[in-house]
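Novice: Going left to right, the sequence shown walks through residues 0 to 426 as numbering that gives the first Met the number 0 numbers them.
Questions regarding the structure given below will be posed in turn.
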Amino acid sequence: MPVAAVIGAQWGDEGKGKIVDMLAEKAAYVVRFSGGDNAGHTVVNPQGEFKLRLMPSGIFYPGTTAVIGNGVVVNPAVLSQEMDDLNSRGVDTSRLLISDRAHLIMPYHIVLEGLEEEARGGAAIGTTRKGIGPAFADKVARIGIRVGDLLEKGVLRDKLAATLEYKNKLLSRVYGKNPLSLDEIYDQYCGYAERWAPYICDTTAVLAAALERDDAILLEGAQGALLDPDFGTYPFVTSSSPLAGGGCLGAGLGPDKIKHVLGVFKAFQTRVGAGPMPTELDDDIGRTIRERGHEYGTVSGRARRCGWFDAVAARFSARLNGFNSIAVTRLDVMDTLPRLKICTGYKVNGKTITDFPASIATLEKCQPVYEELPGWEKPTDSVRIFTDLPVKAQKYVKRLEQLVGCPASLISVGKRREDTIVRRSIF
Ligand code: GDP
Ligand code: IMO
Ligand code: MG
């Protein structure tokens, strides 16, 4: 099983960090392939509790190499801070590799994103304001600056001078703001070049050699399928593909190499930021889920919108990603609820639909059609074997499997590595 992908199957924050940290024990490489420091992946292991943004969640095992792939946008200041924090807590980060093809987040990306979000007013996307969208936009507009450019100072200065001239026009003429200084940004990024040069390489060659040796590689997804720019709730989406297909592009691997796609689902639904969410609960049950599950942004602290499991969205996600199996996380959060609901269809314009619509205007009108199941009302956090779960909890998981259309290989009942029911090994 050389390559497995761990994919966020909903709107992000499904518990990918926990699952990757657990599975990485058997992986020689753990590769982040999309997003940037908009991600916040929580890992709780014997070394402590960590909130990772750019650092792949496999960094905690001495035998695992952590790779930031070409599909990621890298803010070198954030990565520096993250590495310093990890080092100060005794985590060895020397086995990090950064793709020379990954794009850099520049100061103007962050400034411009703030201005764009303000300008959108009530239609703001509610982005993480880390400059992610503007950096990916520059990548496809062919004016991005890449990690590899840090190694060629002349190229770095020339590219920065050309792009900054244009960005400064935007800042001053469109937004009436002061221009940014070429010298200051150049000097700052030359400093990053010093620090990061030893880690920068062609990571595709490293992964190709790993495949030759039949080493296990784990692809670590960021965000979730419903934030995909093509298939998510556009324009309330992120700017790179969190799907399994994005794993091939963002790591530089052929699609035939991925042998197992693991979709990570929460046992319910959450979303941060704006955009439609048909099963959102603005009531006591929603608040109970938020408080029991500490559903607040890992990095931003923003309250997450909570609701019932949406099987319409889940089936769509499974179809887009081709899941071989799923991980159901946070089952324990539902331990106290007397009744549970699962959304199996949407009512819209007098019809019931079971396909996730492309139009957000339609999605906003969708009324969830629910089926109800009894809650188990017993603690599950210490359970390690599926059949030891309360029967009603087993039934809930089996119903999710049926609706999503694939088996649950992992069930997570707590945030620590060991709080997991393993029904089938991924590697
Ligand atoms: P990610 O972005 O997908 O890695 O997820 P986040 O780290 O942003 O959010 C998941 C949160 O749920 C974190 O606080 C985890 O520690 C926590 N978590 C993960 N799995 C479980 C679980 O099974 N039960 C509980 N109670 N918490 C969990
Ligand atoms: P992880 O990897 C949850 C959301 C933002 C916003 C939208 C666009 O921890 O699951 P962006 O800054 O990417 O342009 O914001 O996407 N978003 C996330 N929501 N988890 C994440 O990452 C997210 N990354 C981005 O809240 O709605
Ligand atoms: Mg997160």
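Here a beta-carbon is modelled for each residue, glycine too, at the ideal position from N, C-alpha and C.
Ordered along the chain, which non-local residues of its own chain (more than five positions away) have a Cβ less than 7 Å from that of Leu159?
Specialist: Ile144, Leu181, Ile184 and Tyr185.
Novice: Is Asp12 near ligand 1 - that is, is its Cβ less than 6 Å away from at least one heavy atom of it?
Specialist: Result yes, Cβ under 6 Å from ligand 1.
Novice: Going by CA-CA distance only, name the one from Leu51, Ile142, Arg141 and Thr162 that's closest to Leu179.
Specialist: The shortest C-alpha separation from Leu179 is found at Thr162.
Novice: Any chance the CB of Thr386 is under 6 Å from a heavy atom of ligand 3?
Specialist: False, no ligand heavy atom lies under 6 Å from that Cβ.
Novice: Which partner residues of Lys340 appear in the DSSP bridge assignment?
Specialist: In the DSSP output, where bridge partners are listed per residue, Lys340 has Glu371.
Novice: Taking 8 Å as the cut-off, does the region 287-299 touch the region 345-363 (at least 3 CB pairs, one atom from each stretch)?
Specialist: Because the criterion of three Cβ pairs below 8 Å is not met, the region 345-363 and the region 287-299 do not touch.
Novice: Closer than 6 Å: is that where the CB of Thr297 sits relative to any heavy atom of ligand 4?
Specialist: In the structure on display, ligand 4 does not appear, and the ligands it does have are ligand 1, ligand 2 and ligand 3.
Novice: By how many angstroms is the C-alpha of Asp227 removed from the C-alpha of His102?
Specialist: Roughly 19 Å separates the two Cα atoms.
Novice: Work out the CA separation of Gly7 and Thr223 for me, nearest whole Å.
Specialist: One point to set straight first is that residue 223 is Gly, not Thr, in the sequence displayed. Approximately 4 Å between the Cα atoms of the pair.
Novice: Determine the extent of the beta strand (DSSP E) in which Thr328 is found, giving its start and end residues.
Specialist: Looking at the DSSP string, the run of the beta strand (DSSP E) that includes Thr328 is Ser324 to Thr328.
Novice: Return the chain-ordered list of same chain residues with a C-beta closer than 8 Å to the C-beta of Trp195, the five sequence neighbours on each side being excluded.
Specialist: Pro75, Leu78, Ile97, Val146 and Leu149.
Novice: Is it right to say Leu417 is buried, meaning 16 or more other beta carbons lie within 10 angstroms of its own, or is it exposed?
Specialist: For clarity, residue 417 is Glu in the given sequence; the question names Leu instead. Under this definition Glu417 is an exposed residue.
Novice: Check whether the Cβ atoms of Ala312 and Leu225 sit closer than 7 Å, and answer yes or no.
Specialist: In contact: Ala312 and Leu225 (Cβ atoms closer than 7 Å).
Novice: Less than 8 Å between the CB atoms is what I'm expecting for Ala4 and Leu218, so what's the real figure, rounded?
Specialist: Rounded, the Cβ-Cβ distance is 4 Å, consistent with contact.
Novice: Would you tell me roughly how many angstroms separate the C-alpha atoms of Val110 and Gly130, rounded to the nearest one?
Specialist: Going by the C-alpha atoms only, they are around 8 Å apart.
Novice: State the DSSP-derived secondary structure class of Phe135, mapped to helix, strand or coil.
Specialist: If DSSP states are grouped into helix, strand and coil, Phe135 belongs with the helices.
Novice: Is it buried or exposed, Cys342, if we count other Cβ atoms within 10 angstroms and call 16 or more buried?
Specialist: Buried, since its Cβ has 16 or more Cβ neighbours within 10 Å.
Novice: How is Asp186 classed by DSSP in three states: helix, strand or coil?
Specialist: Of the three classes helix, strand and coil, the one that applies to Asp186 here is helix, per DSSP.
Novice: Among the residues of its own chain, which have a CB less than 6 Å from the CB of Pro389, if the five just before and after it don't count?
Specialist: Once the five neighbours on either side are set aside, the close Cβ partners of Pro389 are Trp375 and Lys377.
Novice: Per DSSP, what are the beta-bridge partners of Val302 in this structure?
Specialist: First, the amino acid is wrong: residue 302 is Ala here, not Val. Ala302 pairs with Tyr295.
Novice: Apply the 10 Å Cβ neighbour rule to Ile384 and answer buried if 16 or more other Cβ atoms are within range, or exposed otherwise.
Specialist: Looking at its Cβ environment, which holds fewer than 16 other Cβ atoms inside 10 Å, Ile384 is exposed.
Novice: Excluding the 5 residues flanking Val66 on each side, which residues of the same chain have their C-beta closer than 6 Å to its C-beta?
Specialist: The residues are Tyr28, Val30, Leu96 and Thr202.
Novice: With 16 as the cutoff for other CB atoms within 10 Å, does Asn432 come out buried or exposed?
Specialist: In the structure displayed, the chain extends from 0 to 426; residue 432 sits before or after that span and is not available.
Novice: Measure the beta-carbon distance from Asn323 to Val260 and round it to whole angstroms, keeping in mind my assumption that it falls under 8 Å.
Specialist: Asn323 to Val260, Cβ: 5 Å. Contact.
Novice: Classify Ile410: buried if its beta carbon has 16 or more other beta carbons within 10 angstroms, exposed otherwise.
Specialist: Buried: at least 16 other Cβ atoms inside 10 Å.
Novice: Tell me which residues share the same chain as Thr379 and place their Cβ nearer than 8 Å to its Cβ, disregarding the 5 neighbours each side in the sequence.
Specialist: Closer than 8 Å at Cβ, skipping near neighbours: Leu330, Asp331, Asp334, Leu388, Pro389, Ala392 and Val412.
Novice: How many Å lie between Arg172 and Gly306 at the Cα?
Specialist: So the alpha carbons of these two residues sit roughly 43 Å apart.
Novice: With distance defined between alpha-carbon atoms, name the residue in Ala266, Tyr233 and Ala221 nearest to Gly244.
Specialist: Nearest of Ala266, Tyr233 and Ala221 to Gly244, Cα basis: Ala221.
Novice: Is it right to say Cys189 is buried, meaning 16 or more other beta carbons lie within 10 angstroms of its own, or is it exposed?
Specialist: Cys189 is exposed by the Cβ-count criterion.
Novice: Entirely within the region 87-116 and at least 3 residues each: give me those beta strand (DSSP E) ranges in chain order.
Specialist: As far as the region 87-116 is concerned, its whole beta strand (DSSP E) runs of at least 3 residues are 95-98.
Novice: Report back the beta-carbon spacing between Ile124 and Gly321 to the nearest angstrom; my notes put them in contact at under 8 Å.
Specialist: The pair is not a contact, with the Cβ atoms about 28 Å apart (cut-off 8 Å).
Novice: Look up Arg318 in the DSSP assignment and say whether it is helix, strand or coil.
Specialist: In this structure, Arg318 counts as helix in the three-state DSSP scheme.
Novice: List the residues that DSSP assigns as beta-bridge partners of Glu219.
Specialist: Glu219 is bridged to Val5 and Arg31.
Novice: Considering Ala65, what are the terminal residues of the beta strand (DSSP E) in which it resides?
Specialist: Here the beta strand (DSSP E) through Ala65 covers Thr64 to Ile67.
Novice: Grab me the residues of Leu402's own chain with a C-beta within less than 6 Å of its C-beta, minus the 5 sequence neighbours each way, in chain order.
Specialist: Only Ala310 meet the Cβ criterion.
Novice: Does the separation of the CB atoms of Gly68 and Gly300 fall below 7 Å?
Specialist: No, the Cβ-Cβ distance between Gly68 and Gly300 is not below 7 Å.
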